[in-house]
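Participant: Can you read through this structure? Questions will come right after.
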Amino acid sequence: MRILHVLDHSLPLHSGYTFRTRAILKAQMERGWTVAGVTGPRYHTGDSPFETLD
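Just so we're aligned: the sequence shown equals residues 46 to 99 in my numbering.
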């Protein structure tokens with residue numbers, strides 16, 4: 046199964062929303078699903094346009 050989450054914001058911003066979202070993505074990945082999350086460009090904080098969750 047492939048899932049795309051369209052997010053309002055994500056880490057490194059700290060909020061209940063970001064931590065719940067991270068937990069959901071990790072749980073889905075543990076089930077073997079292909080998971081991706083995207084946010085708008087205003088939340089870009091790094092040099093790479095991609096981030097990998099462990």
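Each residue gets a CB set at the ideal place from its N, CA and C atoms; glycine is no exception.
According to DSSP, is R67 helix, strand or coil?
Facilitator: Reading the sequence shown from its first residue, position 22 is the one you call residue 67. Note: R67 maps to helix in three-state DSSP.
Participant: Measure the C-alpha to C-alpha separation of I69 and Y62 and round it to an integer number of angstroms.
Facilitator: For the purposes of this step, residue 69 is taken as residue 24 along the sequence shown, with counting starting at 1. For the purposes of this step, residue 62 is taken as residue 17 along the sequence shown, with counting starting at 1. Near 11 Å, if we compare the C-alpha coordinates of Y62 and I69.
Participant: What is the DSSP secondary structure of G82, reduced to helix, strand or coil?
Facilitator: Stepping through the sequence shown from its first residue, residue 82 is reached at position 37. It is a strand residue.
Participant: M46 to H54, Cα distance in whole Å?
Facilitator: The sequence position of residue 46 within the sequence shown is 1, counting from 1. The sequence position of residue 54 within the sequence shown is 9, counting from 1. Rounded to whole angstroms, M46 to H54 spans 24 Å at the Cα level.
Participant: Residue range of the beta strand (DSSP E) that H50 falls in?
Facilitator: Locating residue 50 in the sequence shown gives position 5, where the first residue counts as 1. For H50, the enclosing beta strand (DSSP E) stretches over residues 47-51.
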